[in-house]
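K.L.:
Same order as they appear, the protein sequences are chains A and B.
Under the numbering used here, the letters of the first sequence match residues 204 to 660, in that order.
Under the numbering used here, the letters of the second sequence match residues 3 to 263, in that order.
Just so you know, even glycine gets a beta-carbon here, dropped at the ideal spot from N, CA and C.
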Amino acid sequence: MITLVGMNHRSAPLDLRERARIPEDELPAALAKLKEAAGVEEAVIVATCNRVELIARSARPGAANEIRAFLAAARGLELSEVERHVYDYEGLDAARHVFGVACGLDSMVLGEPQILGQVKRAYEIAREAGATGPVLDRLLQHVFAAAKRVRTSTGISRHAVSVAYAAATLARGIFDDLRGRSALLLGAGKMTELAARHLAGQGVSDLTITNRTYARAAVLADGLGGSAIPWDEFPAALARVDIVLTGTAAATPVVSRAQVRDVLRARRGKPLFIVDIAVPRDVEPEVRSLDGVYLYDIDDLQGVVDAGLDERRKAADEARRLLDLEVVAFDRWRQSVELGPTIAALRDRLHGVGREEIERFARRLSGMSPEHKAAVEELMRSAMQKVLHGPIVALKAAADRGEAAPRVRMYREIFGLAEPHANARGTGEASEPGAADPPGDAPSRGPHRVIQGGRDT
Amino acid sequence: MAHALFLAALAALLLGAALAGIGEWRRREVAARAGAAALAMAWALEFVALTVRGVTDASVPLRNGAEYLLVLGWFVLTLHLFLWFRSGIRALALVLPPIAAVMVAAAHLLPSDARSGNGPGKIWFVFHTSIATAGMAALAVSFAMSVLFLIKDRALRARGGPKLLTRVPSLETVDRIGFQALMWGFPLLTIGIVTGMVYNTELHDRLWTWGFKEVFPVLAWGVFAVLLWARFARGVRGRRSAFLSIAGFGLGLLTLFGMVR
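1. For the region 248–255 of chain B and the region 212–227 of chain B, state whether three or more C-beta atom pairs, one from each stretch, are separated by less than 8 angstroms.
2. Using a Cβ cut-off of 8 angstroms, which residues of the region 372–383 of chain A contact any Cβ in chain B, in chain order?
3. Starting from the beta carbon of Arg471/A, find every residue of chain B whose beta carbon is closer than 7 angstroms, and list them in chain order.
4. Can you confirm whether Ser172/B, when its beta carbon is compared against all beta carbons of chain A, has any partner nearer than 8 angstroms?
5. Using a 10 Å radius around the Cβ and a threshold of 16 neighbouring Cβ atoms, would you call Phe234/B buried or exposed?
6. Could you give the distance in angstroms between the alpha-carbon of Arg628/A and the alpha-carbon of Glu606/A?
7. Could you work out which residue in Arg464/A, Val507/A, Val556/A and Ile258/A is closest to His362/A when comparing CA atoms only?
8. Could you tell me which residues DSSP pairs with Gly303/A in its beta bridges?
9. Please list, in chain order, all residues of the same chain as Lys154/B whose beta carbon is under 7 angstroms from its beta carbon, the five residues on each side excluded.
10. Taking 8 angstroms as the CB-CB cut-off, is Gly163/B touching chain A?
11. Return the Cβ separation of Ser247/B and Phe145/B in integer angstroms, given the expectation that the two are a contact with Cβ distance under 8 angstroms.
12. Which residues share a DSSP beta bridge with Asp534/A?
13. Any beta-carbon of chain B closer than 8 angstroms to the one on Tyr497/A?
14. Would you check if the distance between the CB atom of Ala305/A and the CB atom of Val322/A is smaller than 8 angstroms?
15. So what does DSSP say about Ser459/A, is it helix, strand or coil?
16. Classify Leu111/B: buried if its beta carbon has 16 or more other beta carbons within 10 angstroms, exposed otherwise.
17. Measure the CB-CB distance between Phe476/A and Ile377/A and report whether it falls below 8 angstroms.
18. Which full runs of the alpha helix (DSSP H) of 4+ residues lie inside the region 381–461 of chain A, going along the chain?
19. Hey, does Gly250/B have any beta-carbon neighbour from chain A nearer than 8 angstroms?
20. With 16 as the cutoff for other CB atoms within 10 Å, does His5/B come out buried or exposed?
21. Is the separation between the beta-carbon of Leu16/B and that of Ala103/B shorter than 8 angstroms?
22. So, Gly260/B versus Lys215/B, is the Cβ gap smaller than 8 angstroms?
23. Any C-beta of chain A within less than 9 angstroms: which residues of the region 43–77 of chain B qualify?
24. Alpha carbon to alpha carbon, what distance is there between Val422/A and Val463/A?
25. Just to confirm before moving on: does the CB-CB distance between Glu436/A and Val458/A stay below 8 angstroms?
26. Among Glu229/A, Ala481/A, Met583/A and Tyr499/A, which one has its Cα closest to the Cα of Glu489/A?
27. Go ahead and pull the three-state DSSP assignment for Val78/B.
28. Can you tell me which of Ser492/A, Phe618/A and Tyr368/A puts its alpha carbon nearest to the alpha carbon of Ala160/B?
29. With DSSP run on the structure shown, which of helix, strand or coil describes Asp502/A?
30. Is the CB of Arg92/B under 8 angstroms away from at least one CB in chain A?
31. Check whether the region 268–284 of chain A touches the region 227–242 of chain A, counting contact only when three or more Cβ pairs, one atom from each stretch, lie closer than 8 angstroms.
32. What does the Cβ neighbour count give for Arg260/A, buried or exposed, with the cut at 16 atoms within 10 Å?
33. From Ala233/A to Thr357/A, what does the alpha carbon distance come to, in whole angstroms?
34. I need the DSSP call for Ser365/A, collapsed to helix, strand or coil.
35. At what residue ranges does the region 265–297 of chain A contain a whole run of the beta strand (DSSP E), taking only runs of 3 or more?
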């Protein structure tokens with residue numbers, strides 16, 4: 204049974220998320236601790252600034268309580284506080300949640316791509332710490348493959364959802380590439396700085412900054428690795444830059460249509476991309492009509508953001524439909540693995556019957572030559588194999604339809620097989636012949652059985 | 003045999019243009035690839051058909067309007083496949099194959115009995131027609147890029163907020179390819195006009211006869227000359243450049259009237 208306990212930006216306030224976050228270097232120790240909790244056999248912990256997800260596979264249902272207690276203890280939090288702000292999922296719902304998280308469907312910014320890398324990192328840490336096992340390995344690998352498919356087929360991360368990103372997206376409609384472009388910043392406020400940092404992140408390398416107060420421009424230029432120029436020199440700079448970013452506190456426009464028109468000749472047709480994030484606007488709206496000049500104000504950018512969010516919501520709906528299929532596929536795998544012990548027990552049971560019968564007839568068969576004896580044994584095995592074939596195929600088919608559990612119960616009853624050990628057996632190496640129960644000899648089960656390699660110890 | 007090949011080429015071209023265009027627009031990789039394969043097939047079929055006809059008739063298959071459009075379409079398709087594979091600009095599939103398809107389809111509708119090039123000065127005829135046609139193909143690429151430029155420019159300036167139109171490449175990309183095509187097309191057109199005049203003197207003992215085949219190419223040449231002068235001398239680019247390039251190509255196409263009469 205997979206159990207997931209977690210908190211995200213919706214379930215818990217930032218303050219609690221900050222305190223609950225387990226630093227990366229403490230994760231291996233935390234994973235080891237979590238595995239000490241009763242019944243937890245595999246664990247992965249995803250801890251980012253916006254969420255904590257504790258994913259565990261436990262032998263018994265109801266592990267959520269213990270995981271919550273673990274989280275409270277590990278981070279020195281009040282258990283009641285943790286209980287108020289976490290959610291928990293079990294079984295397929297837990298798997299579905301992991302799929303959604305990795306695809307960014309549960310993120311604050313819908314479809315943001317960083318979370319996938321964070322989940323991958325978390326899985327790597329858990330694997331290196333030896334905390335994962337067959338089920339979580341399989342789940343996470345399935346999740347990563349599905350996330351990749353969702354990304355390419357829905358394009359969920361393609362659409363701009365922030366003003367700075369919208370500006371960069373619009374710029375890419377004009378320029379081949381933003382690398383090596385030059386930009387002029389008018390105003391040295393917080394917003395311009397933020398947008399400038401984003402542009403720099405996109406490769407814009409030549410930043411010129413100007414401000415009515417030169418000193419502030421100089422400070423910002425230092426911080427961004429650009430150069431500052433006096434305010435009255437900016438009209439000349441308009442002639443050579445590719446991008447102009449304005450965000451002054453001026454009450455009337457500071458860039459006029461005439462100023463821009465005057466530099467067009469000198470620009471020799473090079474397109475000019477102007478982003479005006481100031482309110483009230485810094486650039487006269489009439490600039491828009493000039494050939495080769497592309498002016499956007501904050502409303503334009505917001506429009507791109509809204510359209511992007513809309514597109515992401517549509518893509519998210521499509522992604523959820525795709526993930527439903529992935530969850531079903533994962534469930535089929537899980538069910539087919541759970542068939543392992545039942546099939547092995549069934550084989551042992553019928554072949555055991557065959558062997559017993561041959562032994563019972565041992566005296567009557569004693570006159571036979573070794574070749575004949577071997578032939579009789581072979582005949583018995585072959586007959587049993589033929590009898591087994593039908594039920595096994597039917598069982599696998601039922602598992603494919605997602606109906607393994609009732610079928611397994613039915614087989615166990617009909618053939619008198621031992622009860623399976625909850626999920627402990629239903630994983631990984633269970634299909635190994637040695638993992639089978641001896642027929643009719645149900646071993647006693649305690650709550651703290653240690654399972655290693657599919658064998659009880 | 004050539005006729006069957008031409009029909010097969012047209013079918014492959016129409017199918018390829020539709021698949022490549024739809025595949026690119028709806029972002030269906032399989033359709034886009036199948037379209038590219040069909041276009042490559044159309045290219046080869048058309049090439050074989052033109053060669054067969056040329057060899058059978060012992061002449062370049064550029065003797066009337068129909069043949070002109072067939073070869074022009076084939077050249078445009080050649081440029082498309084070359085640019086598509088080399089530049090990796092997928093959106094070309096939205097414009098160039100349809101242009102090639104329209105040209106080749108129109109060729110099948112035009113009468114193909116009018117024959118020229120059998121008089122004296124045959125070598126000048128071959129030289130003139132093939133260079134002029136190659137030049138027009140390059141100018142067709144420039145035309146297509148100008149159309150894309152105007153579409154993208156309009157989308158980026160749309161009232162009520164910019165449209166991203168991510169399937170059309172950036173203005174710079176579109177401008178660059180269009181300009182490169184123009185830099186090939188303009189000299190070829192120039193040579194085409196000069197060799198045409200030489201052929202004229204061989205045929206009519208006159209440089210200039212006021213036919214469609216003379217007036218429209220020269221008008222087109224004038225438009226492209228203005229475009230290039232404005233670009234180099236005054237730095238004029240953008241919408242005005244695009245309009246001029248579209249007008250120049252349109253005038254150049256009117257030469258067809260001289261070929262079907």
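P.N.:
Let me lay it out:
1. yes
2. Thr372, Leu373, Arg375, Gly376, Ile377, Phe378 and Asp379
3. Gly237
4. yes
5. exposed
6. Only weak support exists for where Arg628/A lies, its pLDDT of 39 falling under 50; the value from the coordinates is given anyway. If you take the alpha carbons of Arg628/A and Glu606/A, they lie about 18 angstroms apart.
7. Val507/A
8. DSSP lists no partner for Gly303/A.
9. Leu167, Val170, Leu173 and Val176
10. yes
11. 6 angstroms
12. Answer is none; Asp534/A lacks a bridge partner.
13. yes
14. yes
15. coil
16. exposed
17. yes
18. 393–404, 417–427 and 437–440
19. no
20. exposed
21. yes
22. yes
23. none
24. 27 angstroms
25. no
26. Tyr499/A
27. helix
28. Ser492/A
29. helix
30. no
31. yes
32. buried
33. 36 angstroms
34. coil
35. 290–293
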